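Shown next, in C-alpha cells, is the structure this report addresses.
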Amino acid sequence: MTGFLQNTFNGLVSGAFYALLALGLAVIFGMLRVVNFAHGAFYMLGAFGAYVLLTEAGVPFWAALVIMPLGLGLLGMALERAIIHRLTRLDPLYNFLLTFGLTLILQDLVKSRYGVQSSPYATPSALSGSVDFGLFDFPTYRVFILGFTVLLCVAVWWVLSRTRIGMVVRAATERPELTPAFGIDVGRWVTPVFGFGIGLAGLAGVLAAPMRAVNPLMGADLIIVVFAVVVIGGLGSIFGSVAAGFGIGLVQAWGEAYLSDFPIVSQTIVFIVMAVVLLWRPAGLFGREEAPA
Amino acid sequence: MLRIENLSAWYGEAQVLRDVSLEVAAGEVVTLVGRNGAGKSTLLRCVMGLHSGQRGTVELDGRDVGRLPAHKRARLGLGWVPDDRGAYATLSVTENLILPPRVGPDPWSLERVYEAFPALYQRRDSAATMLSGGEQQMLALARVLRMGARLLLCDEPTEGLSPLLVQQVGELLREAKRHGVTVLLVEQNLHFATGVADRHYLLAEGRIAEAMDNSEVRSRERELLAYLGI
C-alpha cells in the first residue's frame, strides 16, 4: 500500500511537468495552429537559466521562478513576431522545419558554452527535507511542485473559463476563421498567447532544475512523451492536455513499478496508450474534429 | 449604405464572381437568389472580409472597406450570420451572445434578447451547440442584434428550419428593419424572400443576372423556382 501511494505520488509529480508543457503546447496550437517542436528547448532554457543565474549571479531559486518564465515569455513573443507568425500561411512541413531547427540551435548554443555534462542545482533550503504523510514520507520539494502546478492549472482554467480574455481565446481557438467576423481581433492575442505558452515551458524548466539533471538535452528527452500526452489529450484541448499529462505520469510510474519484469512494455507504455487511444478516438480523448470556417 | 462595384472573386483558379455591382440603401432588406454555386455566399464573404482573392470595390457608408480585415468591418457595424450559424461549442449561450463587442447606436441588451427568446434564456449556461438547429439560428441572429450591427449579412437563415421557425426569422428581420437595420440576405425560399425583402438580385454564374422587385418575383415565381431547381 505504501509503495503504491509512493508510486502514485511520483507519477503525479512527473505528470505535473507533462501537464505544464502540454498546456503550453495546447494553447499555442489552439491559437496559432502551430505545433511548437521547440517547446522542450524552452523547458531546457528555463532550467539552464535558473542554473546560470544561481552560479554566476547568485540569484536564488525563488527569483529565477519569476525571472525565467517572464524572460522566456518575452523571448517567445519576439520569436513569434519575427518568424513564427510567418508559418500560418505555409505548408505544415515548414512548421516542423522551423521549430525543430530552433530546437537544434538553442540546444547547440547551450552545449557550446556549457558542454553536455549535467549540472547539479541545489533544492532551495525552504523546500528541503520531507513531509510525513503517516504511511510514507515524501520530499517536500516534490509536494511543492505538485501543489504549485495544480494551483497554476486551476488558475489557467479560471482565466480561460471565467474571463473575457478566456472567452476570446476559446472562440479564436475553436473557430479561428470565423471569430474576426464578430469584431474580435484574433491577431492581437496570438503573440501574448505564444509568449504565455513558452513562459509555462520555462517555468516547468525552473521547477525541474533541483530535481532533474540540468543539461542541454533534458528537453529533448522529455518532449517526446509530452507530444504523446498532447495527442492522447486531444491536440488543442486545454483540459485534455492537463488531464492526459497527469494521467500519463501515473501510467508511466505504475508501469515502471509493476511491469518491471516486462521492460518492453514498461518502457513503451506511453506509446502503447497513445496507439490505443488513437484507434479508439482519432481526435484524442478530449479533442474535437476541426470545424469548417 | 453598401455599395459594391465590379467585384470579382476567385477560389484558386476558379472565378466565382464576375464584375458584380449592386447597392443596398440604409433600411432596405435585399435578397440574393440564385442556384447553388452561383456565388451568393462568396459575395457575402467578400463583403464581410472573410474571402481572400477578390478584386473590386466594397464601400460602407461611402468608405472603402475593401482592404479592412474582418474584425474592423464588424466594428463598423457589419453583422455576420453564417450559413452554419456559427455557434461555438466551447462557449455557453450567453458567451456566444456577448462575444462581439457592441458596435452600433442601438444594440439590444442581453435582457431584451432573453425576453424575445425564452428558449435561449432557459439554455443560457449550456454549450451553444446543444441547442436545436432553429435555436442556433435564433442565437446567430440575436448575437448580431445584441452587437448593434447596422447591416446584417445573413446566409440562408431559413435553411432547414420548420415553417413556424421560418416565420419567426421573418418577424425578427422585419422588426430589425423597423429599427432601421439594413439586411443583405442569401435566400432560396422565394415566398419568405418576398415576405421580408424590398428588392432582389438574381445571381447566375457569378454575375448579377437581374434585379427584381417583389411584384416581379411574385409574378414570375413559377419560372424562377424552375430556374433555381427547387
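Sequence lines, in order, name chains A and B.
Counting along the first sequence from 1, when you hit position 282 you're at 282 in our numbering, and nothing is skipped either side.
Counting along the second sequence from 1, when you hit position 82 you're at 1082 in our numbering, and nothing is skipped either side.
Yeah, the Cβ is synthetic: ideal placement off N, Cα and C, and Gly gets one too.
Given the structure is predicted, the values throughout are model-derived calculations rather than measurements.
Inter-residue spacing [alpha-carbon to alpha-carbon] between Y1201/B and E1216/B: When rounded, the distance between both Cα atoms is 11 angstroms.
I'd like to know whether the C-beta atoms of V226/A and A22/A end up nearer to each other than 7 angstroms. yes
How about M31/A and V190/A: are their beta carbons less than 7 angstroms apart? yes
Enumerated in chain order, which unbroken segments of the beta strand (DSSP E) with a length of 3 residues or greater are wholly contained in the stretch 1091 to 1156 of chain B? Runs found: 1151 to 1155.
Assess contact between the stretch 1150 to 1158 of chain B and the stretch 1076 to 1083 of chain B, defined as three or more Cβ pairs (one per stretch) separated by less than 8 angstroms. Is contact present? yes
Mind reading off the beta-carbon distance from F42/A to I184/A? Whole number of angstroms is fine, and I expect it under 8 angstroms. At roughly 28 angstroms, the Cβ-Cβ gap does not stay under 8 angstroms, so F42/A and I184/A are not in contact.
Separation of L106/A from T1182/B, as counted between CA atoms: 55 angstroms
Exposed or buried, what is G115/A when buried is set at 16 or more other beta-carbons lying within 10 Å of its beta-carbon? exposed
Taking 7 angstroms as the CB-CB cut-off, is F239/A touching chain B? no
Return yes when the C-beta of T88/A is under 6 angstroms from any heavy atom of the ligand ADP, and no when it is not. You won't find the ligand ADP in this model; it holds no ligand whatsoever.
Got a sec: is the Cβ-Cβ distance from W1080/B to anything in chain A below 7 angstroms? The Cβ of W1080/B sits closer than 7 angstroms to at least one Cβ of chain A.
Could you tell me whether the stretch 138 to 151 of chain A touches the stretch 67 to 86 of chain A, using the rule of 3 or more Cβ pairs below 8 angstroms? no
Whole-number beta carbon distance between Y1121/B and A171/A, since they are thought to touch under 8 angstroms: Contact doesn't hold; Cβ gap of about 21 angstroms is too wide.
Compute the Euclidean distance between the alpha carbons of G202/A and A209/A, then round it to the nearest angstrom. 11 angstroms
Report the three-state DSSP secondary structure of A291/A (helix, strand or coil). Any reading at A291/A needs caution, since the residue's pLDDT is 48, under 50, leaving its predicted position unreliable; the model's value is listed next. Here A291/A sits in coil by DSSP.
Ignoring anything shorter than 4 residues, give me the alpha helix (DSSP H) runs that lie fully in the stretch 126 to 169 of chain A, in order along the chain. 140 to 162
When the Cα of R162/A is compared with those of R1207/B, T1090/B and Y1011/B, which residue comes out closest? T1090/B
Chain-order list of residues whose beta-carbon lies under 6 angstroms from that of L1203/B (same chain, five-residue window excluded): L1032, G1034, A1038, G1039 and K1040
Would you list the residues sitting across from M1212/B in a DSSP beta bridge? H1200/B
Please name the residues in the stretch 1042 to 1053 of chain B whose beta-carbon is closer than 7 angstroms to at least one beta-carbon of chain A, in chain order. M1048 and L1050
Check the C-beta distance from V1113/B over to L1097/B and give it rounded, since I have them as a contact under 8 angstroms. 6 angstroms
What does P180/A reach in chain B if we use C-beta pairs closer than 8 angstroms? G1049, L1050, P1069, A1070, H1071 and A1074
Mind checking if L70/A is an interface residue toward chain B, Cβ cutoff 7 angstroms exclusive? It does not; no Cβ of chain B falls within 7 angstroms.
Can you give me the C-alpha to C-alpha distance between A283/A and D1155/B, rounded to a whole angstrom? 30 angstroms
Between the stretch 154 to 182 of chain A and chain B, which residues of the former have a C-beta closer than 9 angstroms to a C-beta of the latter? R164, M167, V168, R170, A171, T173, E174, R175, E177, L178, T179, P180, A181 and F182
Could you tell me how far apart the beta carbons of V1196/B and R1174/B are, in whole angstroms, since I believe they sit closer than 8 angstroms? 6 angstroms
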